[in-house]
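Q: This note's numbering puts the first residue of the sequence shown at 20, with every later residue one more than the last.
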Amino acid sequence: STAIPDTYATSGGYYVDFVDDFKSWQGAAAILKKSTERTTHGVVWTIPKRDIHNLDRQEKEYEAANVTVKLPSGDKVDCRTYFYLTSRPGKENMPSLLYKAVIVAGAIEHKLPNSYIQELVKIPDNGKTQDSNIGVDIDKLRSYVNGYLSL
20 STAIPDTYAT SGGYYVDFVD DFKSWQGAAA ILKKSTERTT HGVVWTIPKR
70 DIHNLDRQEK EYEAANVTVK LPSGDKVDCR TYFYLTSRPG KENMPSLLYK
120 AVIVAGAIEH KLPNSYIQEL VKIPDNGKTQ DSNIGVDIDK LRSYVNGYLS
170 L
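Right, dumping it as structure tokens:
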């Protein structure tokens, strides 16, 4: 199975929020929430149809849905995304600094708009950078976010 990052996209009507407390990340995890006034950005990945069931299984705590996003070219495409199950709305919480840094690094790597990267940097975090069992290379992550965040 191969997932290939294509481009970034913008989606009006949604924003990123952080909920619950995940031991693996030492803080909250990111979810998409609906909002008529907000816009979010993300990376469009191309995944073979035969692998969608694997992604659905991996994201079993979430509800799959299609959203229309706008590409830098102005074209609109439907993308599959995952929403936290509404039966478990989640308690607002802060992400760990480590988790936030992973999100910021991805935004930088995939050339999301700098204004959006700055929004991500300003998200309050709980300061935790250790005790994660995710297996993140802190030194590599630090080099990605250098100038944006201090790890």
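Glycine residues also receive a C-beta, built at the ideal position from the N, C-alpha and C atoms. This structure is a prediction, so every number in the text was calculated from the model and none was measured.
Keeping to the same chain, check which residues put their C-beta closer than 6 Å to that of P67; ignore five residues upstream and five downstream.
A: none
Q: Look up N73 in the DSSP assignment and say whether it is helix, strand or coil.
A: Note: N73 maps to helix in three-state DSSP.
Q: In whole angstroms, what is the alpha-carbon distance linking A126 and G93?
A: 20 Å
Q: Check for me: the beta strand (DSSP E) holding E82 runs from which residue to which?
A: Y81 to K89
Q: Looking only at its chain, what residues have a beta carbon closer than 8 Å to the beta carbon of D144, apart from the 5 residues adjacent to it on each side?
A: G46, M113, P114, S115, L116, Y118 and K119
Q: Run the CB neighbour count on D36, radius 10 Å, all protein chains shown included, and call it buried at 16 or more, exposed below.
A: buried
Q: Counting Cβ pairs closer than 8 Å, one from the region 93-103 and one from the region 159-168, do we hit at least three?
A: no
Q: Between the Cα of E78 and the Cα atoms of T100, P91 and V86, which residue gives the shortest distance?
A: T100
Q: Below 8 Å on the Cβ atoms is my guess for T153 versus W44; work out the distance and round it to an integer in Å.
A: Note that residue 153 corresponds to Ile in the displayed sequence, not to Thr. Going by Cβ atoms, the distance from I153 to W44 rounds to 7 Å, so yes, they are a contact pair.
Q: So, is L104 buried or exposed, given that buried needs 16 or more other C-beta atoms within 10 angstroms?
A: Taking every protein chain shown into account, the CB of L104 has fewer than 16 other CB atoms within 10 angstroms, so this residue is exposed.
Q: Name the DSSP beta bridge partners of I50, please?
A: D36
Q: From Y135 to Y167, what does the alpha carbon distance come to, in whole angstroms?
A: 12 Å
Q: Kindly indicate the opening and closing residues of the beta strand (DSSP E) around D97.
A: K95 to Y103
Q: Using alpha carbons as the reference points, say which of T59, E111 and Q137 lies closest to V88.
A: T59
Q: By the 10 Å Cβ neighbour count, where 16 or more other Cβ atoms means buried, how is A83 classified, buried or exposed?
A: Result: exposed.
Q: What span of residues does the alpha helix (DSSP H) with E138 cover, start to end?
A: N133 to V140
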